[in-house]
Each structure stands twice: as structure tokens, then as C-alpha cells.
Amino acid sequence: MSIHYCRALLVALAVASGACAAPASDRGQATLVIAQSGDPGALNPAVTTSGNTHPVTDQIFNGLVGLDEGLNPVPELAERWSIEDGGRTYRFHLRPGVRWHDGAPFTSADVTFTFEHALLKYHSRTRATLEGLVTAIETPDDLTVVFRLARPYAPLLQRLDVVEASIIPKHLYAGQDVLTGEATRRPVGTGPFRFVSYAPADRVVLERNPDYFRKGFPRVDRLVFRILPNVSTAVSALEAGEVDYVGGVPGPDVARLRTTAGIAVVSGTGGSGGSVCQDVLIPNLARPPFADARVRRAMAHTIDRSFIAERVYFDQG
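So in the numbering used here, the last one in the sequence shown is 333, and the numbering has no gaps at all.
Right under this line is the structure:
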């Protein structure tokens, strides 16, 4: 089986990037327009792994844990945690004073509700990883969550970021269908941006959350996701100044854009949500010939990685 995970390649107008970096005290009304390859659909990130949903919802919601550019866990909704019982217990201490965009307080009840009614039922990756592994989720108080595991699982923290385990509000989702309820159309999160509007096949508009728990962030006032399914159209919109960011730019366009005035090509080496590009070949180890480690080693030695990086990924690999 072959699996392709995509590495982030972002093209940005330099002038827009400069506006994003302005300190809050000096900032005017800065709007960042991002080319989005498809409609996000229902805006509940706890029930989907869609690559069109998460670029939008990851700005609205948070996970218990964040990941830095090196994929190391950093505090997010959980301000700290401890690992106990030989790796079978994870105790999370939640950040105090966090509120949902509608003003309701964020508590440990939101975490247990999210896992029990959304993530472990509908989020395919989280369900595949954690179902049967997590034996209990306890809430000793409003700001403490304890995960009990059947066995030690070292990657757990990396599975609790906003992409793999966005936390949704219990007070809005309880009693309604987490797949189709009203909250999926007008999402309320704890993240840096608040939902404003969604016009299918056109755009999603978000605005800055002035009460975000990370002071000084976000650094833009408005995010607009333009739905542009054709990447060539998106690149043309970038060159015309109609959008500020385009991801997944085709290799042949990259060299030209590098020399285009006012446009910067930015290639990232890491981040959460699949922004590290990997092509993974997973043979069936239970059947010949791949049951033989010598065959697997020989196959690995025959792969010309430099050729693939140069010719397939246009030196972007």
C-alpha cells in the first residue's frame, strides 16, 4: 500500500506577509486572503479528517496540545501535563480562564464530551489510534482531565493537537447531531479566529478573536478562505493580487514565482496536520515476498530518492 502525505509549500505576497507581522499596537485592519482548494463542508473538525475542513477549523478550535515546527508537544488548552503509572496515565491541567467564542467557560466536561461523542465515534484517525487504547477519561474537577490507557503509548501527545483532536463545546453540541447540527454550520471554538460567514463554493470568513488566550495573537484581523479548486486559477489570483497565500503550488510554477516581484515562495520543513511530505510504501509483511526482510532491504536500496526529489517534486522534496 502506498500513502502520500503532503509537505507544506506556501506562496505568499511579501506585502501581505509584512502586514501580518505588524505588532498589535501598530496594526490597521489587516485581511489575509487564502486560496482554498475545496469547500470545507460541515465545520466540525472532531468528526472529519478532510483536508478542506481543517485549514479553516484549525483557526477556530484548539487541541489540548499543540505541536511546534519540530512536531514537539507544546501547551495549548492544557497548560501542563504529567505522565504517570509507567505511561498508562496522562494527567492534563487545563488552562484557566479560557472561554468559548460565545462567552461560555471551557471546562474538562468539554474534553470528555468531545472524545466520547465525536472523536472516538467519527474521527477516523483518532478512532483507529485511540479506540481500545483509552480505557477511561476522568474529570476530577473543571480544570483536570485524566486519560487512562490500556498500555503505554508514547505518541499520545502528538495525537491530541488541533488536527487530530479538536475540542468542541459540550453546551452547544449536547442533544444535537454532531454531524449535522446547527453548531456544524456556525462553529464556536476557543481558537484565534471566530466564525463570521460561509458561502459554499465561494468563501469562508473569520475574524480575530480579541479574547484569545495567547496574548498578541493572532496578528491579522480577518481571514478569508477563497474557494478556488483549480490550482492554476489560484496561482493566477495570487499574481493578480486577489489572494495572499496559495498552498500546494505545482513544481513547474515554483521557479517562475521565485523570480516574480512581490511574491515570496516559502517552503516549510515541519508542522502539524500533515505538512511534512512523506510518500510511504507499506508492504504486506505477512505474505511473500515482503515477509522476507532481505527483499525489503533490497527494494529500499533500489529506490533513487534523489531522482524522485528532483524530477517528481521539482527539487521541493
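All C-beta atoms in this analysis are idealised placements derived from N, C-alpha and C, irrespective of residue type, glycine included.
For HIS117, the three-state secondary structure derived from DSSP is coil. If you ignore the 5 residues before and after ARG202, its C-beta comes within less than 7 Å of the C-beta of PHE211, all in its own chain and listed in chain order. Judged by DSSP in its simplified three-state form, ARG96 adopts strand. Excluding the 5 residues flanking it on each side, VAL221 has same chain C-beta neighbours closer than 6 Å at VAL212, SER213 and VAL240, in chain order. Counted as a single uninterrupted DSSP element, the alpha helix (DSSP H) harbouring VAL311 occupies residues 309 to 318.
The beta carbons of SER124 and LEU110 sit about 6 Å from each other, so the pair counts as a contact at 8 Å.
Within the same chain, HIS109 come within 7 Å of ARG96 by CB-CB distance, once the 5 residues on both sides are set aside. Linking ILE183 to ALA314 through their CA atoms gives a straight-line distance of about 45 Å. In this structure THR200 touches ALA58 by the C-beta definition: roughly 4 Å separates them, less than 8 Å.
As the crow flies, the alpha-carbon of THR130 is around 42 Å from that of ALA256. Counting C-beta pairs with one atom in each stretch, the segment 144 to 151 and the segment 85 to 101 have fewer than three that are closer than 8 Å, which means they do not touch.
Here LEU297 carries a strand assignment [DSSP, helix/strand/coil]. In the structure shown, TYR261 falls within a strand segment according to DSSP collapsed to helix, strand and coil. Taking a 10 Å sphere around the C-beta of ARG167, we find fewer than 16 other C-beta atoms and assign the residue as exposed.
Each residue's CA atom was taken as its position, placing GLY263 and ASP101 some 43 Å apart. Taking the CA atoms as reference points, VAL247 sits about 40 Å from PRO121.
In this structure, the straight-line span from the alpha carbon of ASN300 to that of GLN45 is close to 54 Å. Within the segment 173 to 224, the beta strand (DSSP E) runs of at least 3 residues that lie entirely inside it are, in chain order, 209 to 215 and 219 to 224. Pairwise C-beta distances place the segment 176 to 191 in contact with the segment 72 to 81, as three or more of them are shorter than 8 Å. DSSP, reduced to helix, strand and coil, places LEU149 outside both helices and strands of the structure shown, so it counts as coil. In its chain, beyond the 5 residues on either side, LEU83, LEU87 and PRO89 have a beta carbon closer than 7 Å to the beta carbon of GLN174.
Relative to the Cα of ARG115, the nearest Cα in the group LYS186, GLY205 and LEU188 belongs to GLY205. Where THR105 is concerned, the enclosing beta strand (DSSP E) starts and stops at 105 to 110. Shown here, PRO245 sits in coil according to DSSP, grouped into three states, outside any helix or strand. LEU297 sits exposed, since fewer than 16 C-beta atoms from the chains shown fall within 10 Å of its C-beta. With fewer than 16 other CB atoms across the displayed protein chains lying within 10 angstroms of its CB, ASP331 is exposed. Annotation for ALA125: the continuous alpha helix (DSSP H) segment containing it runs 124 to 130. Judged by their CB atoms, ALA217 and ASP55 are nearer to each other than the 9 Å cut-off.
The C-alpha of PRO226 lies about 12 Å from the C-alpha of ASP118. PRO234 is not bridged by DSSP to any residue. Rounded to the nearest angstrom, the gap between the Cα atoms of ALA280 and VAL270 is 10 Å.
If the five residues before and after THR65 are omitted, its C-beta is found closer than 6 Å to the C-beta atoms of SER140 and ARG141, all from its own chain and listed in chain order.
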